[in-house]
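Report on the following structure.
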Amino acid sequence: MVMTDPVSDMLARIRNANMVNHQQVSLPYSKLKESILEIMKNEGYIKNYRVETENNKSTINVLLKYSELGDPVIKGLKKVSKPGRRQYVKSKNLSPVLGGLGTGIVSTSHGLKTVKDCINEKIGGEYLCQIW
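Structure (C-alpha coordinates):
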(Lines of atoms letter the chains of each structure in order from A and count residues from 1; the text may use other names and numbers.)
(Lines give C-alpha, C1' and ligand atoms only; values in the text may rest on other atoms or scores of the structure.)
Protein backbone atom coordinates (compact mmCIF):
# COMPACT_ATOMS: atom_id res chain seq x y z
CA MET A 1 0.00 0.00 0.00
CA VAL A 2 1.37 3.40 -0.99
CA MET A 3 1.03 6.02 1.69
CA THR A 4 0.27 9.46 0.27
CA ASP A 5 0.48 11.40 3.53
CA PRO A 6 2.85 9.94 6.15
CA VAL A 7 2.31 12.82 8.62
CA SER A 8 -1.45 12.29 8.57
CA ASP A 9 -0.86 8.56 9.12
CA MET A 10 1.38 9.35 12.12
CA LEU A 11 -1.25 11.64 13.67
CA ALA A 12 -3.97 9.01 13.14
CA ARG A 13 -1.83 6.30 14.78
CA ILE A 14 -1.12 8.52 17.80
CA ARG A 15 -4.80 9.53 18.05
CA ASN A 16 -5.96 5.88 17.88
CA ALA A 17 -3.39 4.67 20.44
CA ASN A 18 -4.41 7.53 22.76
CA MET A 19 -8.09 6.58 22.56
CA VAL A 20 -7.44 3.03 23.77
CA ASN A 21 -4.82 4.11 26.37
CA HIS A 22 -1.79 2.39 24.80
CA GLN A 23 1.52 3.26 26.46
CA GLN A 24 3.39 3.44 23.16
CA VAL A 25 2.89 3.36 19.41
CA SER A 26 5.26 2.40 16.55
CA LEU A 27 5.62 4.41 13.34
CA PRO A 28 7.72 4.05 10.19
CA TYR A 29 10.71 6.41 10.43
CA SER A 30 11.21 9.68 8.60
CA LYS A 31 13.17 12.82 9.51
CA LEU A 32 10.00 14.93 9.26
CA LYS A 33 8.14 12.69 11.74
CA GLU A 34 11.13 12.78 14.09
CA SER A 35 11.15 16.60 13.96
CA ILE A 36 7.40 16.75 14.70
CA LEU A 37 7.85 14.32 17.61
CA GLU A 38 10.74 16.44 18.96
CA ILE A 39 8.42 19.47 19.07
CA MET A 40 5.65 17.37 20.68
CA LYS A 41 8.15 16.20 23.32
CA ASN A 42 9.43 19.73 24.01
CA GLU A 43 5.85 21.03 24.31
CA GLY A 44 4.95 18.23 26.76
CA TYR A 45 2.50 16.20 24.64
CA ILE A 46 4.49 12.94 24.68
CA LYS A 47 6.93 11.43 27.20
CA ASN A 48 9.63 10.51 24.71
CA TYR A 49 10.38 8.70 21.46
CA ARG A 50 13.03 6.23 20.36
CA VAL A 51 14.37 5.49 16.87
CA GLU A 52 15.12 1.80 16.38
CA THR A 53 16.75 0.20 13.34
CA GLU A 54 16.36 -3.47 12.48
CA ASN A 55 17.31 -5.06 9.13
CA ASN A 56 17.92 -1.59 7.60
CA LYS A 57 14.34 -0.53 8.51
CA SER A 58 13.93 2.24 11.04
CA THR A 59 10.88 2.69 13.22
CA ILE A 60 10.01 5.26 15.84
CA ASN A 61 8.52 4.11 19.14
CA VAL A 62 6.55 6.92 20.74
CA LEU A 63 5.89 6.82 24.50
CA LEU A 64 2.52 8.46 25.08
CA LYS A 65 1.83 10.69 28.06
CA TYR A 66 -1.17 10.48 30.41
CA SER A 67 -2.29 12.53 33.41
CA GLU A 68 -2.39 11.13 36.96
CA LEU A 69 -6.07 10.25 36.36
CA GLY A 70 -5.16 8.30 33.23
CA ASP A 71 -6.51 10.86 30.75
CA PRO A 72 -4.45 11.38 27.58
CA VAL A 73 -2.44 14.62 27.56
CA ILE A 74 -3.20 14.99 23.83
CA LYS A 75 -6.85 16.03 23.51
CA GLY A 76 -6.78 16.49 19.75
CA LEU A 77 -4.61 16.30 16.63
CA LYS A 78 -5.54 17.99 13.37
CA LYS A 79 -3.77 17.91 10.02
CA VAL A 80 -4.00 21.36 8.46
CA SER A 81 -2.07 21.09 5.19
CA LYS A 82 -3.17 18.11 3.11
CA PRO A 83 -1.59 16.66 -0.06
CA GLY A 84 -4.51 17.86 -2.20
CA ARG A 85 -4.60 21.27 -0.57
CA ARG A 86 -1.41 22.66 0.91
CA GLN A 87 -1.78 25.48 3.44
CA TYR A 88 0.97 28.09 3.31
CA VAL A 89 0.82 30.92 5.83
CA LYS A 90 2.63 34.19 6.43
CA SER A 91 3.70 34.99 9.98
CA LYS A 92 1.21 37.89 10.19
CA ASN A 93 -1.66 35.49 9.37
CA LEU A 94 -0.75 33.04 12.16
CA SER A 95 -2.62 33.03 15.44
CA PRO A 96 -2.07 30.89 18.57
CA VAL A 97 -3.90 27.53 18.61
CA LEU A 98 -6.82 27.65 21.08
CA GLY A 99 -5.64 30.99 22.43
CA GLY A 100 -2.20 29.60 23.26
CA LEU A 101 -3.43 26.35 24.87
CA GLY A 102 -2.48 24.30 21.82
CA THR A 103 0.51 24.09 19.51
CA GLY A 104 0.70 24.54 15.77
CA ILE A 105 3.62 23.14 13.74
CA VAL A 106 4.85 24.99 10.66
CA SER A 107 7.46 23.76 8.17
CA THR A 108 9.67 26.78 7.46
CA SER A 109 12.88 27.41 5.56
CA HIS A 110 14.58 27.22 9.00
CA GLY A 111 13.16 23.76 9.80
CA LEU A 112 10.02 22.88 11.75
CA LYS A 113 8.87 25.54 14.19
CA THR A 114 5.90 26.10 16.48
CA VAL A 115 3.39 28.81 15.61
CA LYS A 116 4.66 30.86 18.59
CA ASP A 117 8.23 30.72 17.24
CA CYS A 118 7.06 31.68 13.74
CA ILE A 119 5.18 34.70 15.09
CA ASN A 120 8.20 35.80 17.18
CA GLU A 121 10.71 35.28 14.35
CA LYS A 122 8.30 36.65 11.69
CA ILE A 123 8.63 33.66 9.34
CA GLY A 124 5.94 31.68 7.54
CA GLY A 125 5.75 28.33 5.79
CA GLU A 126 3.55 25.28 5.31
CA TYR A 127 1.16 24.85 8.25
CA LEU A 128 1.42 21.11 8.96
CA CYS A 129 -0.73 20.32 12.00
CA GLN A 130 -2.25 21.41 15.30
CA ILE A 131 -2.05 19.65 18.68
CA TRP A 132 -4.05 20.45 21.81
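Residue 156 is where the sequence shown ends in my numbering, and the numbering goes up by one at each step.
Backbone N, C-alpha and C fix where the C-beta goes; we use that ideal spot for every residue, glycine too.
Output the distance between the C-alpha atoms of residue i and residue j, rounded to the nearest integer angstrom.
i    : j    : result
N117 : N79  : 45 Å
D29  : S91  : 30 Å
D141 : G148 : 10 Å
P120 : V113 : 13 Å
K81  : R39  : 24 Å
R37  : E76  : 18 Å
G126 : I98  : 10 Å
M13  : Y69  : Residue 13 is absent from the structure shown; the chain starts at 25 and stops at 156.
If you drop the 5 nearest sequence neighbours on each side, which residues of the same chain put their C-beta closer than 6 Å to that of residue i?
i    : result
S32  : K103
P107 : T28 and D29
R74  : N85
L122 : W156
For residue i, I'd like the list of residues in its chain whose CB is within less than 7 Å of its CB, leaving aside the five on either flank, ordered along the chain.
i    : result
Q48  : N85, V86, L87 and L88
L101 : L35, I38, R39, C153 and I155
M64  : I70 and I155
What are the residues that DSSP puts in a beta bridge with residue i?
i    : result
V113 : G149
R74  : N85
V104 : BP columns for V104 are empty, so no partner.
Cutting at 8 Å between CB atoms, please list the residues of its own chain near residue i, excluding the five before and the five after it.
i    : result
E145 : S115, H134 and K137
I60  : V31, M34, I129, L136, L152 and C153
S54  : P30
- Message: So, does the segment 126-135 touch the segment 146-154, judging by three or more C-beta pairs under 8 Å?
- Response: The answer is yes - the segment 146-154 touches the segment 126-135, with three or more Cβ pairs under 8 Å.
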